[in-house]
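All remarks here apply to the structure that follows.
Rendered as structure tokens:
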């Protein structure tokens, strides 16, 4: 019986403080990778971030960004959320464009594919896409597409890009 009491005491002394340390009454905070400063944005600042990014990334002809793809005006957002939303939409648009043009216009399809693949140069890809679950499948899909198999990009667009 003494062993059980000691075990309970260890659990109470070691585990309980660890559990309580994870509790917080304030929202989680983002950390800026360069300055290590906490950065949380309100809705208006997040919309501004989205708009600024959307203005810097051209879509295929005839396509437009949605006004605001997130509607929770009472929420706080991690810095980069608005930027990431614009990059996701942009990448989806170019993926759809490539799928539409392949087999129809080789030059325009090549340009669309190059733009679609250029997401790798964005902060969104480098900082927000998990290397194992997002970057690796994306790279694999690009390699397959370069060999003539569009199925992985088609599956990604179908699953992850709103129509």
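Residue numbers (this note's numbering): 6 to 168. Here a beta-carbon is modelled for each residue, glycine too, at the ideal position from N, C-alpha and C. These numbers come from a predicted model, not from an experiment.
- Inclusion of residue 145 and residue 157 in the CB contact set at 8 angstroms is warranted, their separation being smaller than that value.
- Ranking 59, 165, 81, 75 by CA distance to the CA of residue 47 puts 81 first.
- When DSSP states are grouped into helix, strand and coil, residue 70 belongs to the coil group.
- Residue 92 places its beta carbon 8 angstroms or farther from that of residue 73.
- Shown here for residue 87: same chain residues with a beta carbon closer than 6 angstroms to its own, the five before and five after excluded, namely 51, 54, 55 in chain order.
- A direct Cα-Cα distance of roughly 20 angstroms separates residue 123 from residue 167.
- Fully contained in the stretch 73-121 is no beta strand (DSSP E) run of length 3 or more.
- Around the Cβ of residue 57, a 10 Å sphere holds fewer than 16 other Cβ atoms; the residue is exposed.
- Residue pairing of residue 45 in beta bridges, as defined by DSSP: 83.
- Collapsing the DSSP output to three states places residue 51 in a helix.
- Around the Cβ of residue 90, a 10 Å sphere holds 16 or more other Cβ atoms; the residue is buried.
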